[in-house]
Amino acid sequence: MGSDTIGVIGGNFIWGNLMLHYRFSRRARHGVLLVAMVAGQALAWEDADLEHGRYSLPMPALVASAVEGKVLFVDTREPTEFRESHIPQAINIPLRDAHKADLAKLSGYQYVVPYCLKDLRAFEVAKSLQARGLTNVKMMEPSGFKGWQAQKLPVASPRQSDAQASEVLKAVAGERGWTRAKPVSQEKADAAP
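Under this note's numbering, the final residue of the sequence shown carries the number 184; numbering is consecutive throughout.
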């Protein structure tokens, strides 16, 4: 390939046969490169919306909804990682299987929250689910299983079942004020004549 031949522009943009062997003037090459960079930036902005914009939930709101059973956590790690430990009540859909995930199993929840260790795989699964029409996909803040663990939230593992970890999560949420449920003393006061 000569120096005037354009093959690949940008990280994921492959121009293929259309431009592979065409020669461009310097000005035309720069114009094509500029268009590719602008297009790539537009995609990056769209992705940033999913990761840190209107598609993310802060941990207190996420935990409050999870305690109420309104969140389905989707662990996008490998099955061996999932068996070692995972967020309570999560299901396992590895990244490679996201395109064939049964969307009916993911409906009925206020939020579907994919996660992995640091949310790199989860982000790809979230985009895949959204592209397939799922509109309630959210990302957690702080990100991923590491973010969950950094908040000292319980995990299910061979030593602690999903049910046990869920009970611990309810207790932790109550202690931190991360629940929308009224305290027992408030419920009694509301019920008094």
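We put the CB at the ideal spot given by N, CA and C, even for glycine.
Following a CB-centred definition, is Leu144 positioned closer than 7 angstroms to any heavy atom of the ligand FAD?
With respect to small molecules bound, the structure shown includes none, and the ligand FAD cannot be examined in it.
Across which residues does DSSP place Val62 in a beta bridge pair?
The residue you call residue 62 lines up with position 71 of the sequence shown. Val62 is bridged to Tyr102.
Beta-carbon contacts of Gly135 that lie in its chain and below 7 angstroms, excluding the five residues immediately before and after:
The residue given as residue 135 occupies position 144 in the sequence shown. Excluding sequence neighbours, Gly135 sits near Tyr106, Cys107, Leu108, Lys109, Asp110, Ala113.
Tell me which residues share the same chain as Leu125 and place their Cβ nearer than 7 angstroms to its Cβ, disregarding the 5 neighbours each side in the sequence.
Within the sequence shown, numbered from 1, the residue matching residue 125 stands at position 134. For Leu125, where only same-chain residues beyond five positions count, the Cβ hits under 7 angstroms are Leu94, Leu97, Val103.
Distance, Cα to Cα, Ser157 vs Ala122?
As a working note, residue 157 is residue 166 in the sequence shown. As a working note, residue 122 is residue 131 in the sequence shown. Approximately 31 angstroms, taken between the alpha carbons.
Can His77 and Val146 be called in contact, C-beta distance under 8 angstroms?
Sequence index remark: in the sequence shown, residue 77 carries index 86 (1-based). Sequence index remark: in the sequence shown, residue 146 carries index 155 (1-based). Contact flag set, yes.
Residues bridged to Pro70 [DSSP beta-bridge criterion]
Taking the first residue of the sequence shown as 1, we reach residue 70 at position 79. DSSP output for Pro70 lists no bridge partner at all.
Would the beta-carbon of Ala162 fall within 8 angstroms of that of Val54?
As a first step, residue 162 must be located in the sequence shown, where it is residue number 171. As a first step, residue 54 must be located in the sequence shown, where it is residue number 63. No.
Grab the span of the alpha helix (DSSP H) containing Ser119 for me, first residue to last.
One-based indexing of the sequence shown puts residue 119 at position 128. Element bounds for Ser119: 111 to 122.
I'd like the list of long-range same chain contacts for Lys137, defined as Cβ closer than 7 angstroms, with 5 residues on each side in sequence excluded.
Taking the first residue of the sequence shown as position 1, residue 137 is located at position 146. So the qualifying residues of the chain are Leu108, Lys109.
Rounded Cβ spacing between Ile84 and Thr71 (contact assumed at less than 8 angstroms)
The sequence position of residue 84 within the sequence shown is 93, counting from 1. The sequence position of residue 71 within the sequence shown is 80, counting from 1. So it is not a contact: roughly 15 angstroms between Cβ atoms.
Under the three-state DSSP convention, the category Ala147 falls into
For the purposes of this step, residue 147 is taken as residue 156 along the sequence shown, with counting starting at 1. Three-state DSSP puts Ala147 in a strand.
Kindly indicate the opening and closing residues of the alpha helix (DSSP H) around Leu48.
Against the sequence shown, residue 48 aligns to sequence position 57. Not the alpha helix (DSSP H): Leu48 falls in the beta strand (DSSP E), residues 47 to 49.
Considering Cα atoms alone, identify which of Trp169, Glu166, Val65 is closest to Tyr100.
Counted from its first residue, the sequence shown places residue 100 at position 109. Considering only alpha carbons, the answer is Val65.
Considering only the beta carbon of each residue, do Leu120 and Ala89 sit closer than 8 angstroms?
For the purposes of this step, residue 120 is taken as residue 129 along the sequence shown, with counting starting at 1. For the purposes of this step, residue 89 is taken as residue 98 along the sequence shown, with counting starting at 1. A contact, by the Cβ cut-off of 8 angstroms.
Of all the options Phe73, Asn127, Lys143, which has the alpha carbon lying nearest to the alpha carbon of Asp153?
Here residue 153 refers to the residue found at position 162 of the sequence shown. Minimum Cα distance to Asp153 is reached at Phe73.
Do Tyr46 and Val128 come within 8 angstroms of each other at the CB atom, strictly closer than that value?
Reading the sequence shown from its first residue, position 137 is the one you call residue 128. Reading the sequence shown from its first residue, position 55 is the one you call residue 46. Yes.
Alpha carbon to alpha carbon, what distance is there between Glu75 and Lys143?
Position 152 of the sequence shown holds residue 143. Position 84 of the sequence shown holds residue 75. Answer to the nearest angstrom: the Cα atoms are 17 angstroms apart.
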